[in-house]
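Colleague: My questions will all concern the structure given below.
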Amino acid sequence: MKARCVVVDSSQSPYSRLKPVPIESVKLKDDFWAPRVKTLVKVTLPTQYELLEETGRLDNFRRAAGKVRTDFKGFFFNDSDVYKWVEAASYVLAFNRDSRIEKMVNSVIEEISDAQDDDGYLNTYFVFERKAERWTNLRDMHELYCAGHLIQAAIAHHRATGERMFLDVAVKFARHITGVFGPGKMLGVPGHPEIEMALVELYRVTHLEAFLNLARFFIDNRGCGLVGGSVELIDHRPFRELEEIVGHAVRSIYLNCGAADVYMETGDETLLGALKRLWVNMTRCKMYVTGGLGSRYVGEAFGENYELPNRRAYAETCAAVANVMWNWRMLLATGDAEYADVMELSLYNGALAGIGLDGKSYFYINPLADRGRHRRQRWFECACCPPNIARLIASVPGYFYSTSREGVWVHLYASNDALIELNGRHVRLVQETNYPWSGHV
Numbered sequence: 237m238k239a240r241c242v243v244v245d246s247s248q249s250p251y252s253r254l255k256p257v258p259i260e261s262v263k264l265k266d267d268f269w270a271p272r273v274k275t276l277v278k279v280t281l282p283t284q285y286e287l288l289e290e291t292g293r294l295d296n297f298r299r300a301a302g303k304v305r306t307d308f309k310g311f312f313f314n315d316s317d318v319y320k321w322v323e324a325a326s327y328v329l330a331f332n333r334d335s336r337i338e339k340m341v342n343s344v345i346e347e348i349s350d351a352q353d354d355d356g357y358l359n360t361y362f363v364f365e366r367k368a369e370r371w372t373n374l375r376d377m378h379e380l381y382c383a384g385h386l387i388q389a390a391i392a393h394h395r396a397t398g399e400r401m402f403l404d405v406a407v408k409f410a411r412h413i414t415g416v417f418g419p420g421k422m423l424g425v426p427g428h429p430e431i432e433m434a435l436v437e438l439y440r441v442t443h444l445e446a447f448l449n450l451a452r453f454f455i456d457n458r459g460c461g462l463v464g465g466s467v468e469l470i471d472h473r474p475f476r477e478l479e480e481i482v483g484h485a486v487r488s489i490y491l492n493c494g495a496a497d498v499y500m501e502t503g504d505e506t507l508l509g510a511l512k513r514l515w516v517n518m519t520r521c522k523m524y525v526t527g528g529l530g531s532r533y534v535g536e537a538f539g540e541n542y543e544l545p546n547r548r549a550y551a552e553t554c555a556a557v558a559n560v561m562w563n564w565r566m567l568l569a570t571g572d573a574e575y576a577d578v579m580e581l582s583l584y585n586g587a588l589a590g591i592g593l594d595g596k597s598y599f600y601i602n603p604l605a606d607r608g609r610h611r612r613q614r615w616f617e618c619a620c621c622p623p624n625i626a627r628l629i630a631s632v633p634g635y636f637y638s639t640s641r642e643g644v645w646v647h648l649y650a651s652n653d654a655l656i657e658l659n660g661r662h663v664r665l666v667q668e669t670n671y672p673w674s675g676h677v
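Take any residue in the sequence shown, count from 1 to its spot, add 236: that is its number in the working numbering.
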């Protein structure tokens, strides 16, 4: 039986104001989003799958499983690109059981499952000759980051299809991680935040408090110098004391996503207070008019207040995607419309610029001014952005609405037909508009 496929399931979160509406409940019928989703299914996901194969990312899993004898290919964090692709494809399966996509997803999940160690560990870089190096360099080597993306992909697949195989892989890996880190165990935090929000979402699926507790542990121990105490890694001050948004833009915003998720489960007002301060600083002083984030090439980082050059803008596509993700969580937590406004801004302008209308060309960075030399690329050696924008577009129907006891909340505008569960009844809501070309809804 298929589960409700939502990106963030705050439906049972005691400190959230709003509940999400499942992706499959919203049928897009417009001339803006519907064609993009169609292109995603027909072009983006198949071509990305081919590139995962072509660049050796899938062979890395086969190598880890002992199926092929070859060297590891690419960056040490390449597993995460595979997981983001599976997450994107899984969201599509929630509303379109395209047989071609389903076959690809099933084959990739099988490769992932076969690569898992008996103790639950799963990272194709740290096998064989590097097995002894596991968990020895949390600052640089992205083990927990990759684990977070695995967990998110597995949850998306479970919610979209009702199947458990990939979810079981994620739970087994998460249990391994909770056995390594925590009070009385190894002290550490991820150099690249991501796993925090994934662990909270896994807690929402499994109701195992160990996962929520570990997410909180990672946030509580940030700022203690466990990954060097640098500003770039947001390890210079405890999270609850932060006043200014700094560091690597994607890391910073992913950390905020995790903190927002922990708040919705625990009601820790010190987390919410820090998040609100960081949001005000970001939106007033460090965000481009497109919703893009990160002005510096060095460290892919936020600059000083009002340091927002146009030609030298970095504005990584992943940072704009993260901006959507964080504002969605803040919106669910508080119900404040200002978060919906920034979510929409970044979605339409900052994030969508990262993919061409052809569905197979991408920007990694998005400067606001250029002399005509900046062109989209087929792929990147560091290919975090293409599958990230894919998972965002695939999940877009899930950002349109939310509900509360008061009724249905509308956050995005496009012609669509939605069937929404509200207070035990089903409500049909139909939008007709030419938005964003016309403001009339």
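Built from N, CA and C at the ideal position, the CB exists for glycine as well.
Beta-carbon separation of glycine 634 and isoleucine 259 under 8 Å?
Modeller: yes
Colleague: So what's glutamine 352 in DSSP terms, helix, strand or just coil?
Modeller: coil
Colleague: Helix, strand or coil, according to DSSP, for tryptophan 371 in the structure here?
Modeller: coil
Colleague: Applying the 10 Å Cβ sphere with the 16-neighbour rule, what's the burial state of methionine 422?
Modeller: exposed
Colleague: Can you tell me which of the three DSSP states glycine 527 falls into?
Modeller: coil
Colleague: Hey, could you find the ends of the beta strand (DSSP E) lysine 320 is sitting in?
Modeller: Per DSSP, lysine 320 belongs to no beta strand (DSSP E); it is in the alpha helix (DSSP H), 315–331.
Colleague: As an exercise, report each continuous alpha helix (DSSP H) stretch of at least 4 residues that is fully enclosed by the region 501–576, in chain order.
Modeller: 505–517 and 553–570
Colleague: In chain order, what residues of the same chain have a beta carbon less than 7 Å from the beta carbon of methionine 377, not counting five sequence neighbours either side?
Modeller: Phe312
Colleague: DSSP has cysteine 639 in a bridge; who is on the other side?
Modeller: According to the sequence shown, residue 639 is threonine rather than cysteine. For threonine 639, which the question treats as bridged, DSSP gives the partners Lys255 and Val644.
Colleague: For glycine 464, which residues of its own chain have a beta-carbon under 8 Å away from its beta-carbon, when the five flanking residues on both sides are left out?
Modeller: Arg375 and Asp471, listed in sequence order.
Colleague: On the premise that proline 250 lies in contact with glycine 503, defined as a C-beta separation below 8 Å, what is that separation, rounded to the nearest angstrom?
Modeller: 7 Å
Colleague: Using a threshold of 8 Å, state whether the C-beta atoms of alanine 301 and aspartate 350 are closer than that.
Modeller: yes
Colleague: Note down, in chain order, each residue of its chain lying with its Cβ closer than 6 Å to the Cβ of leucine 380, except the 5 sequence neighbours on either side.
Modeller: Pro426 and Ile431
Colleague: Which whole-angstrom value is the C-beta distance of alanine 324 and arginine 627, which I expect to be below 8 Å?
Modeller: 4 Å
Colleague: Taking the alpha carbon of valine 663 as the reference point, which residue from Tyr671, Trp673 and Trp645 has its own alpha carbon closest?
Modeller: When only C-alpha atoms are compared, the closest one is Trp645.
Colleague: Within 8 Å, do at least three Cβ pairs link the region 519–537 to the region 573–587?
Modeller: yes
Colleague: Can you tell me where the beta strand (DSSP E) with aspartate 456 in it begins and where it stops?
Modeller: Aspartate 456: not part of any beta strand (DSSP E); member of the alpha helix (DSSP H) spanning 445–456, first to last residue.
Colleague: Does the region 532–552 touch the region 601–615, meaning 3 or more C-beta pairs lie closer than 8 Å?
Modeller: yes
Colleague: Per DSSP, what kind of secondary structure is histidine 484 in: helix, strand or coil?
Modeller: strand
Colleague: Would you check if the distance between the CB atom of glutamate 501 and the CB atom of leucine 448 is smaller than 8 Å?
Modeller: yes
Colleague: Run through DSSP, which three-state label would phenylalanine 311 get?
Modeller: coil
Colleague: Here's the rule: buried if 16 or more other CB atoms are within 10 angstroms of the residue's CB, otherwise exposed. What is threonine 570?
Modeller: buried
Colleague: Which term fits histidine 394, buried or exposed, when burial requires 16 or more other beta carbons within 10 angstroms of its beta carbon?
Modeller: buried
Colleague: If you check the beta carbons only, do isoleucine 629 and valine 322 fall under 8 Å apart?
Modeller: no
Colleague: From phenylalanine 616 to aspartate 267, what does the alpha carbon distance come to, in whole angstroms?
Modeller: 30 Å
Colleague: If I follow the unbroken alpha helix (DSSP H) through glutamine 284, where does it start and stop?
Modeller: 281–290
Colleague: Going by C-alpha to C-alpha distance, which of Val318, Val244 and Thr291 sits closest to lysine 309?
Modeller: Thr291
Colleague: Apart from the five residues on each side of it in sequence, which residues of its chain come closer than 6 Å, Cβ to Cβ, to serine 247?
Modeller: Lys255
Colleague: How should threonine 360 be labelled, buried or exposed, when 16 other C-beta atoms within 10 angstroms of its C-beta is the threshold for buried?
Modeller: buried
Colleague: According to DSSP, is leucine 581 part of a helix, a strand, or is it coil?
Modeller: helix
Colleague: By alpha-carbon positions, which one of Gly384, Lys278 and Thr283 ends up nearest to aspartate 334?
Modeller: Lys278
Colleague: Which value, in whole angstroms, describes the spacing of the CA atoms of isoleucine 391 and methionine 566?
Modeller: 21 Å
Colleague: Considering only C-alpha positions, which residue in the set Val344, Asp245, Ala551 and Ala406 is nearest to tyrosine 285?
Modeller: Val344
Colleague: Which residues share a DSSP beta bridge with leucine 655?
Modeller: In the DSSP assignment, leucine 655 forms a beta bridge with Arg664.
Colleague: Let me know if asparagine 659 comes out buried or exposed under the rule of 16 or more other beta-carbons within 10 Å of its beta-carbon.
Modeller: exposed
Colleague: Alpha carbons only, please: which of Arg240, Asp404 and Thr280 is nearest the one belonging to tyrosine 598?
Modeller: Thr280
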